[in-house]
Amino acid sequence: MTAHTADIDGPIVIADRDRIGVGRSAASLLEYDLTVIASDAEDVVRAAGGWLCDRVLAGWKVGMFTAATAAPAAAGVLGVRLLPADTDLIALVRSTSAALAISAEFLDANEALRAEVLRAVDRSGLELTVWGTMPAGALAGRLAINRHRLSGAARAFKSHALAASGSSCTSAGLAEEFRSCGSWYPPEGPDLTPVS
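First residue of the sequence shown: 2, per the working numbering; consecutive thereafter.
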C-alpha cells in the first residue's frame with residue numbers, strides 16, 4: 002500500500018457541481034450563506050433547528066427572518082443571527098447567493114415571495130430547502146424529499162433552542178425531513194440525503 006500526499010498548490014476537482022446549488026455560484030461566494038424565512042422561530046427550530054445548527058457548525062453563516070416576534074434566545078442557541086423585522090423579503094431573496102430555506106406555509110401564503118423564489122431558483126441555481134406540507138404548484142414538482150440526520154451536537158442544541166422558543170416539545174429527534182432542489186453536497190457526504 003502506498004500513501005500519497007495531496008498537491009495543495011494544484012487545483013482540487015471534486016464532482017461536477019458547477020451547475021447546481023452553491024457550486025453554481027461558488028466563483029462569487031466568499032462564504033456559505035443560508036437565509037431562512039418563516040412565520041415564527043418555534044416553527045424554524047422545530048422543523049429545521051438541527052440542520053441549521055449543523056450548517057452553522059460546518060461554517061455556514063445563517064440568517065433568519067420570522068414574521069412573528071422572534072425568539073432571540075432560540076436563534077442564539079443555534080448560532081443563527083436574526084434579520085430585522087422590517088426586512089424586504091423580495092430584496093432578501095434577490096440578494097441570497099447560496100441557499101434559502103423557507104417554510105412551505107409561509108411560501109404558500111405569500112404569492113409575490115413565491116414568484117421571486119421561483120425566479121431565483123431558475124436564475125441562479127439557488128439551493129432551496131422547504132419544510133412543511135408543500136402546496137401544489139410550479140415549485141412542488143421540482144423539489145425532492147430529503148432527510149438530514151442530526152449530529153449529537155445538533156440534537157443537544159436543538160433541544161435547548163426548542164425550550165428557549167417556548168415549545169412544549171423539547172425532544173430533538175434523530176432526523177429532519179425537507180424538500181429541496183439545487184442542493185450542494187460537501188465532499189465528505191451529503192447533509193441532506195434523498196429519501197427513497
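Backbone N, C-alpha and C fix where the C-beta goes; we use that ideal spot for every residue, glycine too. Predicted model only: the values in this text are computed from it and were never measured.
{"Item": "Close beta carbons around Asp8, own chain, < 7 Å, minus the five adjacent residues each side", "Value": "Because the pLDDT of Asp8 is 39, which lies under 50, any placement of that residue in the model is unreliable, and the number read from its coordinates should be weighed accordingly. Closer than 7 Å at Cβ, skipping near neighbours: no residue."}
{"Item": "Which listed residue (Arg143, Ala49, Arg95) has its alpha carbon closest to that of Arg120", "Value": "Arg95"}
{"Item": "Cβ-based neighbour list, Ile13, same chain, cut-off 6 Å, excluding 5 preceding and 5 following", "Value": "Because Ile13 sits at a pLDDT of 34, beneath the cut-off of 50, its placement in the model cannot be relied upon, and the following sentence gives the value as read from the coordinates. Closer than 6 Å at the Cβ level, and outside the excluded window around Ile13, lies no residue."}
{"Item": "Where Arg82 falls, given that 16 or more other Cβ within 10 Å makes a residue buried", "Value": "exposed"}
{"Item": "Beta-carbon spacing of Ala162, Leu79 below 9 Å", "Value": "yes"}
{"Item": "Through-space distance from Leu129 to Asn147, alpha-carbon basis", "Value": "12 Å"}
{"Item": "Beta-carbon gap between Glu117 and Leu140 smaller than 9 Å", "Value": "no"}
{"Item": "Ala75 vs Gly51 beta-carbon contact at 9 Å", "Value": "no"}
{"Item": "Own chain partners of Ala155 with C-beta closer than 8 Å, once the 5 adjacent residues on each side are dropped", "Value": "Gly50, Gly51, Trp52, Cys54, Asp55, Leu58, Ala173"}
{"Item": "Rounded C-alpha distance that separates Ala99 from Gly60", "Value": "13 Å"}
{"Item": "Candidates Ile38, Cys170, Gly153, Arg143, of which the one nearest Ala92 by Cα", "Value": "Ile38"}
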